[in-house]
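Numbering (the UniProt record's numbering), first residue to last: 1 to 1052. For each residue, glycine too, the CB sits at the ideal point set by N, CA and C.
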């Protein structure tokens, strides 16, 4: 405990004066009169800090140290003299900086340790030897004038007079004002009231009043001066860029867009490239965006490095403006995907060594990279040819999925094999020529040799993989028997001979499509053979009062394109073949068709109609631009049923009382309570009409032509079922005197009231109580049940959300980032006592590893976290306790949490924000008044703090539960861990620190991350905090960066 005598926690040991020093030990004469040897400088510093806190002793001054050194006949080295003022201290050259300090070899040859990066930057600006003496004197004088204790107006007048005196004596006033501007101490700060801005204002005033202003401008504004102005402007804040370059006639705003004059464009673009080369890539990207130079710079200048270092959103926003760089960037990612895992690892290691990567390898792992490329193709509306490797890998992945589904999950019926055949041949037809060969390789890897021979014969292939070639060479008749004998192979699971299957396919193809869905209700196919009917459709729509709409599409790489639209009217159902028609009709006819369908006066019904409309618009993005704004009387049937149930919960009742409809409650923007029930069309059809809707053809290949009769019937029945449901609901509404038109008006998916997510008030302690209560009935013998700390787990990437949840409950969890990492962790000898949790196919693969026998458990990844945790604790006979909550860090998995009252974190955040943005908003005196000598534990959830202050805001400590917090340097020292960590105070914005419902924070002593009660079950807090943090970082005005101390005082 911090208040205990020094001997209990002293990391050093007492030495005799004549004892010989040991290698790598740091010696010191300590305040208690003893000479100690420490293992490191950090241990020595922590000993001093703890001794000062325990004994309320002030730090010894250099004079006392010198006197002590003389008494002990030791002369301190010259390099160890420590100034009394300034944000730094001098270190011996061989000393290592304590964690959290910024150590630097300064221009004067002395090695110093700064409390923060901001303090180091400020010291450099004041002591930079590259600044000529003349400019240094001018800067110091300007700084002194700006710091005078006078009114702001008088202070600016004094500075203006000083600047004008320099301009009057300068050979080139433009060049002189640039030097005064860029050597100002606050040149790079974003503040309205700053010395640099006052210098420019003074120059403008002097120039506007000068009688020879035009002559001075013509004489002094040379190309070199303009180039210098670009350099100064580009190195400063973006907020002040335009006034500077406009003043120097380098650029101006044209129709609200910043422009650089043609003559200076090469110089400006060269400067941006120089910034990128100096690792100032975010600044380079911001400048390129500012001037609209989206196609000017190669993607490797700053886009790729920024993407590799985690700035994906910035890169994507930039690429939204340039189709050329979109193609280049996606092509770059696609080539990375084509590399082997080892090549990508080597590439990543090279990027990290060059400072172009972080510790997160996830962006270059196969699955995340493939998903990201697909996301970019969709976002940028690119053709699949932009990412051929990703397209091929996605197709092979879809092929594996369909093979596994049929060969391992489905019964072997002709209908299932036909659907499986359509899916596989659809993938082969849409891809490259080698897809057939890839199909055989995949089947052999799945140990489905017989199925591979079946496909080889069926597709009439001429090339075989090596394993199959050997089999054929040994027995040439094997292929004939594969075609003729259904059960020749022991593993041949198909009941169909190839020849027989071909006969059944031919029989299916010869069947005529139905002309009626049922007697008296026509079914009409609108395709290339009925173009005249397609052109009559707008007239047909205008005569209807109710239209039911459904759509079918094929899942494709990039985006899903509509293949078929089913339109059910009172007189007939129409199947419009969108897969064929666009190539036979012009764009104007397509636009007319869709406008007549969606913009007419008839009510248009769809089960989840917004999804169908989005797919239609994505299929024809140019022809249907702005269609959503012109739509009218569009009704979502699912929302209609939800609204009717809110009015009368008996209007639709489940036929099977054991069926349960999942639901979610929410509040609209006007405060109205709503319930969103989740059900399928088939379930609704069964509930309303007590009939079954056949959905077997739902996942068939809708892009393959001709359509099979079963597909046509399925598609027509889906659309007609919407009419049946609506007719029945209308009858029930009339019987209950419910005004259906009023309800219909509220069911337009594009006019829904905005949802406001309700706050979930369950905190971690309540959730832990629920877990314990659920486990108690299973705990027959308490002696058999183990504590949480005995449970050690490895989770795969599909269960990482569960891993974080369990860490919050105190469980030791290792989380794998990919399949390879999971296997390496699981078979590692030091992890042999860990249980491996997996889901789906990953579980089956792990079960084949001998080392993992009895250690692998399968969990349902989509189940609720509480249910998964209960199942795990019950099976492992582990009983969690309240004291286990947040004993382990969610991020780094270390045990060592320090409990910090909220005001201390708020103070730390305020000082950090002021330092980062160079603001004068941090009032140390007011915060000292707020924090006082300590914070009462009863006011902050039972966890108080004892405060200790030095002479400056950087010298403030707080003794808290289980550790010490250094507020000035944002350092946490946890008693349970060796070493310290920098607190990640900018993880969230000021919103978190202002919320009264948060009493204290859990701060990790291992990585500096922090959490709060309800962190995992109150996402609205994290969301608000993340938004506030982003706003704080993105805004360039000091008003947005300011964290008001007065607000904090009123809250506390």
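Using only the alpha-carbon positions, how far apart do residue i and residue j sit?
i            : j           : result
residue 776  : residue 784 : 13 Å
residue 550  : residue 294 : 41 Å
residue 859  : residue 770 : 20 Å
residue 880  : residue 987 : 29 Å
residue 981  : residue 973 : 7 Å
residue 520  : residue 570 : 11 Å
residue 1006 : residue 819 : 27 Å
residue 687  : residue 650 : 11 Å
residue 462  : residue 694 : 40 Å
residue 214  : residue 262 : 22 Å
residue 557  : residue 953 : 57 Å
residue 355  : residue 343 : 18 Å
residue 164  : residue 30  : 56 Å
residue 172  : residue 625 : 56 Å
residue 410  : residue 420 : 10 Å
residue 373  : residue 621 : 21 Å
residue 639  : residue 850 : 52 Å
residue 276  : residue 168 : 38 Å
residue 191  : residue 845 : 59 Å
residue 282  : residue 244 : 21 Å
residue 536  : residue 592 : 11 Å
residue 738  : residue 635 : 17 Å
residue 120  : residue 970 : 15 Å
residue 931  : residue 913 : 19 Å
residue 427  : residue 394 : 10 Å
residue 690  : residue 682 : 10 Å
residue 258  : residue 251 : 7 Å
Classify residue i: buried if its beta carbon has 16 or more other beta carbons within 10 angstroms, exposed otherwise.
i            : result
residue 456  : buried
residue 128  : exposed
residue 516  : exposed
residue 268  : buried
residue 1027 : In this predicted model, residue 1027 has a pLDDT of only 40, less than 50, meaning its place in the structure is not dependable; the value taken from the coordinates is given anyway. Label assigned to residue 1027: exposed.
residue 566  : buried
residue 896  : buried
residue 736  : exposed
residue 906  : buried
residue 284  : buried
residue 832  : exposed
residue 278  : exposed
residue 183  : buried
Residue i CB to nearest chain B CB: under 9 Å?
i           : result
residue 793 : The structure shown has no chain B; it contains just one protein chain.
Check each candidate in the options and name the one with the smallest Cα separation from residue i.
i           : options               : result
residue 351 : 306, 326 and 331      : 306
residue 404 : 510, 445 and 731      : 445
residue 572 : 871, 647, 882 and 547 : 547
residue 934 : 900, 922 and 913      : 900
residue 422 : 459, 287 and 448      : 459
residue 378 : 604, 614 and 435      : 614
residue 962 : 1001, 524 and 924     : 1001
residue 237 : 259, 274, 287 and 207 : 287
residue 589 : 803, 607 and 532      : 532
residue 339 : 806, 316 and 366      : 366
residue 321 : 311, 303 and 289      : 289
Q. Where are the alpha helix (DSSP H) runs, 4 residues long or more, that stay fully inside the segment 550–602, in chain order?
A. 587–598
(Q) Extract the residue ranges of the beta strand (DSSP E) inside the segment 698–722, only unbroken runs of 3 or more that lie entirely within it. (A) none
Q. What residue ranges within the segment 751–839 form continuous beta strand (DSSP E) runs of no fewer than 3 residues, ordered along the chain?
A. 792–795, 812–815 and 835–838
Q. Hey, which unbroken runs of the beta strand (DSSP E) at 3 residues or more fall wholly within the segment 857–904?
A. 897–901
Q: Decide yes or no for the touch test of the segment 594–601 against the segment 533–548: beta carbon pairs closer than 8 Å, at least 3 of them.
A: yes
Q.
Closer than 8 Å is the cut-off here; do at least three beta carbon pairs connect the segment 864–883 with the segment 940–959?
A. no
Q: Spell out a yes or no on whether the segment 123–139 and the segment 174–191 are touching, meaning 3 or more CB-CB pairs, one atom from each, closer than 8 Å.
A: yes
Q: Please go through the segment 437–523 and give each complete beta strand (DSSP E) segment of 3 or more residues, from N-terminal end onward.
A: 516–518
Q) Does the count of Cβ pairs from the segment 382–401 and the segment 332–342 closer than 8 Å reach three? A) yes
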